[in-house]
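Only one structure is covered here, and it is reproduced in the block below.
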Amino acid sequence: MNASEPALIRVENLVKRFPGVVALDDVSLEIRAGEVLALTGENGSGKSTLSKIVGGLYQPDGGRILVDGVERRLANPHAALEHGIVLISQELTLAPTLTVAENVLLGRLPRRGGAVDWPETRRRAAEVLAELGVHIDVERRVDSLSVELQQEVEIARAISTRARLLILDEATSSLSEGATLRLLDIVAGLSARGVAVLMITHRMPEIYASCSRAVVLRDGALAGEAPLPATAEHELVRMMVGRELLDYYGSRVAAPAGVVLEVEGLHTADGALQPVAFEVRAGEVLGVAGLVGSGKAELAMALGGAIPARGDVRVGGRPLRLGSPRRAIAAGIGYVPDDRRREALLPPRSVAENISFAWLGTITRFGFVRVAAERRDVAKVVADYGVKTSSLDKRITLLSGGNQQKAILGRTFARGCPVYVLNEPTRGVDVGSKSAIYGYIQALAEKGAAVVLISSELPELIGLSDRVAVFHHGGIRAVVSGDDLTEEVLGAYAVSGTRPGDHPSVVISTDTPTSADTPTSAVAGAGRTR
Amino acid sequence: MNQSTAERTDVKAAPPARRPVLSRIAAATGPATGAIAGIVILTVILALTQPVFLTWGNITNLVGANSVTLVLALGATFVLLAGGLDLSIVAASAATGMVFGLMLQSGADALPAIAVTLLAGLVFGLLNGVLTSYARIPFLVVTLGTASLFASIALLLNDGKTINVFDFPGFAFVNDFVLGQAFGIPFILMFDIVLVVITAVVLRYTKFGRGIYAVGSNAEAARLNGINVRLTTMLVYVIVGFTAALASLVQVGRLAGAAPTFDATLLLTVIAAVLIGGTAYTGGEGGVGGTVLGVLFLGVIQNGLTLTSVSSFWRGAVNGIVLILAVALGVARQYGWLRFGRKGR
Ligand SMILES: Nc1ncnc2c1ncn2[C@@H]1O[C@H](COP(=O)(O)OP(=O)(O)OP(=O)(O)O)[C@@H](O)[C@H]1O
Ligand SMILES: [Mg+2]
Chain U
1 MNASEPALIR VENLVKRFPG VVALDDVSLE IRAGEVLALT GENGSGKSTL
51 SKIVGGLYQP DGGRILVDGV ERRLANPHAA LEHGIVLISQ ELTLAPTLTV
101 AENVLLGRLP RRGGAVDWPE TRRRAAEVLA ELGVHIDVER RVDSLSVELQ
151 QEVEIARAIS TRARLLILDE ATSSLSEGAT LRLLDIVAGL SARGVAVLMI
201 THRMPEIYAS CSRAVVLRDG ALAGEAPLPA TAEHELVRMM VGRELLDYYG
251 SRVAAPAGVV LEVEGLHTAD GALQPVAFEV RAGEVLGVAG LVGSGKAELA
301 MALGGAIPAR GDVRVGGRPL RLGSPRRAIA AGIGYVPDDR RREALLPPRS
351 VAENISFAWL GTITRFGFVR VAAERRDVAK VVADYGVKTS SLDKRITLLS
401 GGNQQKAILG RTFARGCPVY VLNEPTRGVD VGSKSAIYGY IQALAEKGAA
451 VVLISSELPE LIGLSDRVAV FHHGGIRAVV SGDDLTEEVL GAYAVSGTRP
501 GDHPSVVIST DTPTSADTPT SAVAGAGRTR
Chain A
1 MNQSTAERTD VKAAPPARRP VLSRIAAATG PATGAIAGIV ILTVILALTQ
51 PVFLTWGNIT NLVGANSVTL VLALGATFVL LAGGLDLSIV AASAATGMVF
101 GLMLQSGADA LPAIAVTLLA GLVFGLLNGV LTSYARIPFL VVTLGTASLF
151 ASIALLLNDG KTINVFDFPG FAFVNDFVLG QAFGIPFILM FDIVLVVITA
201 VVLRYTKFGR GIYAVGSNAE AARLNGINVR LTTMLVYVIV GFTAALASLV
251 QVGRLAGAAP TFDATLLLTV IAAVLIGGTA YTGGEGGVGG TVLGVLFLGV
301 IQNGLTLTSV SSFWRGAVNG IVLILAVALG VARQYGWLRF GRKGR
C-alpha cells in the first residue's frame, strides 16, 4: 500500500447530535483500500451512527467526509453506493414480503428486453448465497426466514454489489459459528481484492482473526487506535471500557440445591425438537449448545410457551401446561427470546413502557397501573442494568442495540422468577456489558434460580454453565460437564453429534433429521451427574 | 431517585440552545404537530376575517356539530392503536340509532331505550371482535362485511323510513341533554370532556389500555409477555360498538329523528381525524389527545367553510387533502425527509 496515496475514505471531525445525546464528538479516521478495520467500543458509543453517516443514512452536524481525497456529500445511501460504499446495518433492511432472490438483487434486477429476467435473477441470487454456504429456496419470502438466514440474505445483497468499502455493523451477531467463519473468509477474500472492510463487532476473536487495526470509540469520542494483532486483548478491552475487566465470567459459591425444572419427553410435532429430558437444579446454570437448526431454539421457545409443544415439564414439582406464554409466566418461567426486534420490543413505545409492559400482571391494582411504582421500578432497572438512555421516555428503537438488549434482560430479571430461559442473552452486547450480564446471571443462580442458557458462543457457555447439553439434529447428543467442558468437545458434538476422534471427518450438515439415532433421554440422563 | 438515574445514564447533554425553534416545537408536540399547526393557523385566519368565529355562540355550535364525529373517533382510536381498523363504525351507529328510535316509538322511557341501544352497540362490536380475534378473519374483510350488514339492518328495522322521535315521551330527556346547558356551558361539551378523560385514562393508566398499545406495537412481543392478545383485540371492537351506539344517541338527540341512512363521508372524516391527530395506522402509537385535535381541526375547517359560505361540496376535498398532508408530515417526522429548520440543507 502506498502511504502517499489518499485513503479510500477519510472522515474528519465528525459531530452528530441527537436530542439529549452527542452521539459523535469530533471523530476522525481513515480506511485504506484492502484494509480490514475494526470499529469497536461500548454499546451506545456511536459506532452505528458513524457507519450510518458513512453509508449516507445520516447527515453529520459537523465535519466532512473525503472519498479518495476529495470531499463528498453523501446525501443518501444511493450516493454512498455510487462511491462504492455499502452498509449492512445493524437493523435488517430487507423487504419482508419479497422473495430472497428479489431482495438479493434489489434495485439491480437483471433485465432482458424491457422485463426482469427472472431465471437469471434466481440463478445469480442462488450463486451468491452458495458462496456464503447458504442453500435455500430463493423463491421463499424473506419474512418466512429465521433471523440468521435473513442476515445471510442481507450479506449476500451487499457482497453482490461492486463494493469498495463494505461496512458490516454487527453482521455476525446473529450468525452461528460456521456461518461466521464463512463470512470472515469472504471478508479476507474481499480484502485481498482491494476492498476495504469496516467491521463493527463486539466479538474479540473475530477482531483478532480478521482485522489489522482497531479504532475504539467511547461516549462518541475517539478513545484510541491499536495495531492488530500486536495489541493484547486486555489492552483493547481497557480502551473500550476505560478499566480492566477482571473476573470476566464472575463466579458463584452456592452449590446447586433441589431440582426446580424437570423436563421429560419434551418435543414439537414437526420434529424440530425430538423428545428431550433433563433437570435443572436451583442455583444451577444448564448451558445449551448446538448449530442453527439443531433444535436448541425450539427448546427455548417450547419452555417459554412461544410454540406448541408436548411432553412433561414441571416447575417446582408442578406440571406446566405447554403452549402458552401466559401459563409459562404464571409458572415462574422468565423467557428471553433471541429475536429482539420481532419478539421482544415494542418499537414505537418508550424505554419505560418497553420495560413495564412485561409486568402488567404485577404492577397493576384493580386494573390500574400504579404509576409511581412503575416509574420507580423502571428507573431501578435502567440503573441496575446500565441501560444507557438520555430519558426514560425515549423511543426504545433510538437506543443502541446493546442497550435495547439490556432493557429486555432487565425487565425479565426484575420479575424474580424461579426459572429463566435465556436465548442468546448477550447478542449485540459490548464486552463490558457482557461481563455485567454474566454477573447478573451468576447472581440469579446464586439466589436460587434455575437457568437454561442457550448460546452460540461456546466460551460463554463454558464460563457460566455447570453442565452443557449439546443439541444435534433435534435432540440432546451429550451433556458435558467438568473437564470435558472445552470448545473442542462441545464443537465436535454440535457438528457431528459425537465426541472428537470418534468420527473420521467433521461434516457440517443442515439436513433435517429423519430418525433419532440415539435415545436422547438416556444420553442426557447419563451425563446428568455433576 | 428517579431524577438522579436519568442524569446518571445521560450520555452527554446536548447544548439546548443549538436546536432550532421549529424542531423543538415539533419534538414537543409529537405526532400531532400537523394538527396543532393547522388549528393555530386556521384559527388566526378565521378570527381575523370572520368576526363571528370567536363568538361563544359559534363555538358551542362547533362543539355540537362535531360531537358525533368525536365520539366515533374516540372509539376508532382504540382500534387503530391496537393495529386494526373498523369500517363498520358509522353503519353500526345508524343501526343503533334506529334501535333507539324504535324503542322510543314503542313508548319506552329514556333510560331503558338508552340501555337497549347501548346493548345493541355492544353486540355489534362483539360480532366484529369475535370474527377478527377468535375466527382470525382479517379485520378489513370483517368490518367491510359487517358495515354492509349493519347498513342493511338499519334499513330493515323500519322499512327504510326515518323515525321522527320528537313527540315520543322518552325523547325529552335526550333532547334536553344534547341541546341543554348549565351556566352557559352546553351539556354536550361536558359530556365530550368526560368521555375524552375516561378514554385517555383507560388508554394510559389501565392494564387494558397498556395492553392495547403493546398489541398494536408488536403482537408477538405482547403475547410472549403474557398479554391476552385475542381478548384485547376483541374488547377493542366491543368498545367501538359501544361508542357507535353513544354517537347514535347524540345524533338522534340533535336531529330529533332516527335516520336509517347516513352521511357516507362521515366514516372518512372519523378515520381522518384519528390519523391527523397522529395515531399511526400501523398501531401502537398516538392517543386520545391527538384525536381531539384531529376532530377539532376538521371541525374548524368545516366551520370556516360554512362561515365563508363556501359550498359544502368542498368539504370532502379539503378533508382528503388535509389528511394526506398531515400523515405525510407524520411520515416525514419519523424518517426525517423534511428537516425542520436545519441549517445548511
Ligand atoms: N436516531 C436517533 N435518535 C436519537 N438518539 C439516537 C439515534 N440514534 C442513536 N442515538 C443515540 O446515540 C448514541 C449512539 O448510538 P449508536 O447506535 O451509534 O451506538 P453503537 O455504538 O452502535 O451501540 P451498539 O453497540 O449498542 O450497537 C446512543 O446513545 C443512542 O441512544
Ligand atoms: Mg450499533
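Chains as they are written, first to last, in UniProt numbering: chain U, 1 to 530; chain A, 1 to 345.
No residue lacks a Cβ here, since even glycine has one placed at the ideal position from N, Cα and C.
Bear in mind the structure is a predicted one, so any value in this text is a computation, not a measurement.
Closer than 7 Å to chain U by CB, residue i
i: residue 42 (chain A); result: no
i: residue 226 (chain A); result: yes
i: residue 290 (chain A); result: no
i: residue 67 (chain A); result: no
i: residue 206 (chain A); result: yes
i: residue 218 (chain A); result: yes
Residue i, DSSP secondary structure in three states
i: residue 83 (chain U); result: coil
i: residue 376 (chain U); result: helix
i: residue 468 (chain U); result: strand
i: residue 307 (chain U); result: coil
i: residue 16 (chain U); result: strand
i: residue 253 (chain U); result: coil
i: residue 319 (chain U); result: strand
i: residue 484 (chain U); result: helix
i: residue 8 (chain U); result: coil
i: residue 284 (chain U); result: coil
i: residue 99 (chain U); result: strand
i: residue 270 (chain U); result: coil
i: residue 152 (chain U); result: helix
heavy atom of ligand 2 below 6 Å from residue i C-beta
i: residue 394 (chain U); result: no
i: residue 296 (chain U); result: no
i: residue 67 (chain A); result: no
i: residue 50 (chain A); result: no
i: residue 405 (chain U); result: no
i: residue 90 (chain U); result: yes
Proximal residues to residue i (C-beta, below 6 Å), its chain only, five neighbours per side dropped
i: residue 202 (chain A); result: 209
i: residue 509 (chain U); result: Here residue 509 (chain U) scores only 39 on pLDDT, less than 50, and its place in the model is too uncertain to base an answer on.
i: residue 503 (chain U); result: Residue confidence is low: residue 503 (chain U) scores 48 on pLDDT, short of 50, so the model does not pin down where it sits. Its coordinate-derived value is still stated next. Within the same chain, residue 503 (chain U) has close Cβ partners 496.
i: residue 94 (chain A); result: 154, 262
Nonlocal neighbours in the same chain, by C-beta distance under 7 Å from residue i, ignoring five residues either side
i: residue 315 (chain U); result: 260, 261, 331, 332, 333, 418, 419
i: residue 346 (chain A); result: As shown, chain A starts at 1 and ends at 345. That puts residue 346 (chain A) outside it, with no answer to give.
i: residue 7 (chain U); result: 30, 31, 32
i: residue 405 (chain U); result: 340, 427, 428, 429
Cβ-heavy atom distance, residue i to ligand 1, below 6 Å
i: residue 48 (chain U); result: yes
i: residue 602 (chain U); result: Coverage of chain U is limited to positions 1 through 530, which leaves residue 602 (chain U) absent and any answer about it impossible.
i: residue 432 (chain U); result: no
i: residue 402 (chain U); result: yes
i: residue 18 (chain U); result: yes
i: residue 173 (chain U); result: no
i: residue 535 (chain U); result: Here chain U covers residues 1 to 530 and nothing more, so residue 535 (chain U) does not appear.
i: residue 21 (chain U); result: yes
i: residue 43 (chain U); result: yes
Cutoff 7 Å: residue i Cβ touching any chain A Cβ
i: residue 413 (chain U); result: no
i: residue 130 (chain U); result: no
i: residue 97 (chain U); result: no
i: residue 503 (chain U); result: Unreliable positioning characterises residue 503 (chain U) in this predicted model, as indicated by a pLDDT of 48, which lies under 50. The coordinate reading is nonetheless provided below. Answer no: the Cβ-Cβ gap between residue 503 (chain U) and chain A never drops below 7 Å.
Sequence-distant residues of its chain with Cβ nearer than 8 Å to residue i (five each side left out)
i: residue 125 (chain A); result: 92, 237, 238, 239, 240, 241, 242, 244
i: residue 349 (chain U); result: 357, 395, 396
i: residue 103 (chain A); result: 112, 113, 116, 117, 170
i: residue 122 (chain A); result: 238, 241, 242, 245
i: residue 228 (chain A); result: 211
i: residue 380 (chain U); result: 414
Cβ pair count under 8 Å reaching 3, the segment 267-280 of chain U against the segment 226-234 of chain U: no
Contact the segment 162-171 of chain U vs the segment 11-19 of chain U: 3+ CB pairs below 8 Å: no
At least three beta-carbon pairs within less than 8 Å, the segment 290-306 of chain A to the segment 210-225 of chain A: no
The segment 206-214 of chain U / the segment 43-52 of chain U touching (three or more Cβ pairs under 8 Å): no
Given 8 Å, three or more beta-carbon pairs between the segment 52-67 of chain U and the segment 230-247 of chain U: no
Segment contact flag, the segment 107-125 of chain U with the segment 187-200 of chain U, C-beta cutoff 8 Å, min 3 pairs: no
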